[in-house]
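Asks: Residue numbers (our numbering): 11 to 303.
Heads up, the beta-carbon is just placed ideally off N, CA and C, and yes, glycines get one too.
(1) Counting only runs of 3+ residues fully inside the stretch 92-148, write out the beta strand (DSSP E) ranges in chain order.
(2) Rounded to whole angstroms, what is the Cα-Cα separation between residue 17 and residue 28?
(3) Using DSSP bridges, identify the partner residues of residue 242.
(4) As an exercise, report each continuous beta strand (DSSP E) stretch of at least 3 residues that is fully enclosed by the stretch 16-69, in chain order.
(5) Taking all protein chains shown into account, do 16 or more other C-beta atoms lie within 10 angstroms of the C-beta of residue 298, making it buried, or fewer, making it exposed?
(6) Under a Cβ-count criterion, where at least 16 other Cβ atoms within 10 Å of its own Cβ denotes burial, should residue 192 be classed as buried or exposed?
(7) In angstroms with no decimal places, state the Cα-to-Cα distance between residue 205 and residue 158.
(8) Taking only the alpha-carbon atoms, compute the straight-line gap between residue 21 and residue 30 and give it to the nearest angstrom.
(9) Tell me whether residue 82 counts as near the ligand GDP, meaning its Cβ is closer than 7 Å to at least one heavy atom of that ligand.
(10) Looking only at DSSP bridge pairs, what is residue 252 linked to?
(11) Can you find the residues in the same chain that come closer than 6 Å, C-beta to C-beta, to residue 186, ignoring five residues on each side of it along the sequence?
(12) Can you list, in chain order, the residues of its chain with a C-beta nearer than 8 Å to that of residue 271? Leave out the 5 residues immediately preceding and following it.
(13) Just mark residue 301 as buried or exposed, buried being the case when its beta carbon has 16 or more other beta carbons within 10 Å.
(14) Per DSSP, what kind of secondary structure is residue 227 in: helix, strand or coil?
(15) Mark residue 105 as exposed unless 16 or more other C-beta atoms lie within 10 angstroms of its C-beta, in which case mark it buried.
(16) Return the chain-ordered list of same chain residues with a C-beta closer than 7 Å to the C-beta of residue 108, the five sequence neighbours on each side being excluded.
(17) Taking 7 Å as the limit between beta carbons, can you name the residues of its chain near residue 25, skipping five residues before and five after?
(18) CB residue 76 to CB residue 60, shorter than 8 Å?
(19) Counting only the same chain and skipping the five closest in sequence on each side, list residues whose C-beta sits under 6 Å from that of residue 95.
(20) Helix, strand or coil for residue 82, going by three-state DSSP, please let me know.
(21) Check whether the Cβ atoms of residue 44 and residue 66 lie closer than 8 Å to each other.
(22) Where do the N-terminal and C-terminal ends of the beta strand (DSSP E) with residue 211 fall, by residue?
(23) By Cβ distance below 6 Å, which residues in the same chain neighbour residue 288 in space, the five residues on each side in sequence not counted?
(24) In terms of alpha-carbon separation, which member of 247, 72 and 97 lies closest to residue 189?
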């Protein structure tokens, strides 16, 4: 199935972005294009969804993209902001999709997608989100945390990134202690891939904007305005953020949020930790969206 995927680039206002697509132009027009975007964190890239999106390549047009500043996309030394990323996501949909799309994404990127879906609902057929967070939900201020304050110190920030993020030991430790519920599910390939991305030239620009808190927002303030059908998946053992926060967010808009499914004994990236379960849930969600008028 991987044979039908090819790598391309797209020119955007935030730089060249890399993505893979199946270029499925003769598919059933009733089947919407699927857009996969990864979340934020040291070494993040579309690899996060690489065990999931091939399962849908035979039936849906799909696009799995690296965000600007991440993965194989361009790493510009520029200002990385919430508004910039929201505009970028919408620009990609405009340039690549011929019809309303289903967007599949996670964590902080989900917060940006939600803002785009609220502002331009006509561009979205549905949303499938894993552990969505603005990192400052319900009035919490991530920027006051010790980690964010360290990352705002000149010179200290670069040393922090190189020593605390961009090396295999740090990646392995973060995955084992924060990202995964079971460290036995962490493969050497995962650690090597995240480490290589974190060490790529210019990777610190976007990563430090994230760690400083430049990209935080409060999902609870705008989630009630969502109208696009949305499905949320949460890892029971997720810490960033915990499931209780997700449940509070889902309760803000039960009309738009069609499902809130919890996967037992999983952390905040179920798409990496248990991709087969994620594929099964997505297949169900997509079936419901196709059955909707």
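Replies: Reading it off the structure:
(1) The beta strand (DSSP E) runs of length 3 or more contained entirely in the stretch 92-148 are, from start to end of the chain, 111-116 and 134-140.
(2) Their backbone Cα atoms lie some 7 Å apart in a straight line.
(3) Note: residue 242 is bridge-paired with 139 and 270 in the DSSP secondary-structure output.
(4) The qualifying runs are 16-22, 25-31 and 44-47.
(5) Per the 10 Å Cβ criterion, exposed.
(6) Exposed, since its Cβ has fewer than 16 Cβ neighbours within 10 Å.
(7) If you take the alpha carbons of residue 205 and residue 158, they lie about 21 Å apart.
(8) Rounded to the nearest whole angstrom, the C-alpha separation of residue 21 and residue 30 is 14 Å.
(9) You won't find the ligand GDP in this model; it holds no ligand whatsoever.
(10) Beta-bridge pairing links residue 252 to 249.
(11) Sequence-distant partners of residue 186 (beyond 5 residues in either direction) whose C-beta falls short of 6 Å from its own C-beta, in its chain, are 193.
(12) Same-chain partners within the cutoff: 241, 242, 243, 244 and 291.
(13) So residue 301 counts as exposed.
(14) Three-state DSSP puts residue 227 in a strand.
(15) By the Cβ-count criterion, residue 105 is exposed, with fewer than 16 other Cβ atoms from all chains shown falling within 10 Å of its own Cβ.
(16) No residues qualify anywhere along the chain.
(17) 78, 83, 84 and 86, listed in sequence order.
(18) Cβ distance not < 8 Å, so residue 76 and residue 60 don't count as in contact.
(19) Excluding sequence positions up to five before and after residue 95, its CB lies within less than 6 Å of the CB of 122, all in the same chain and listed in chain order.
(20) Residue 82: coil per DSSP, three-state reduction.
(21) The answer is yes: Cβ separation under 8 Å.
(22) Membership of residue 211 in any beta strand (DSSP E) is not indicated, and neither H nor E is assigned to it by DSSP.
(23) Shown here for residue 288: same chain residues with a beta carbon closer than 6 Å to its own, the five before and five after excluded, namely 62, 280 and 281 in chain order.
(24) Ranking the options by Cα distance to residue 189, first place goes to 247.
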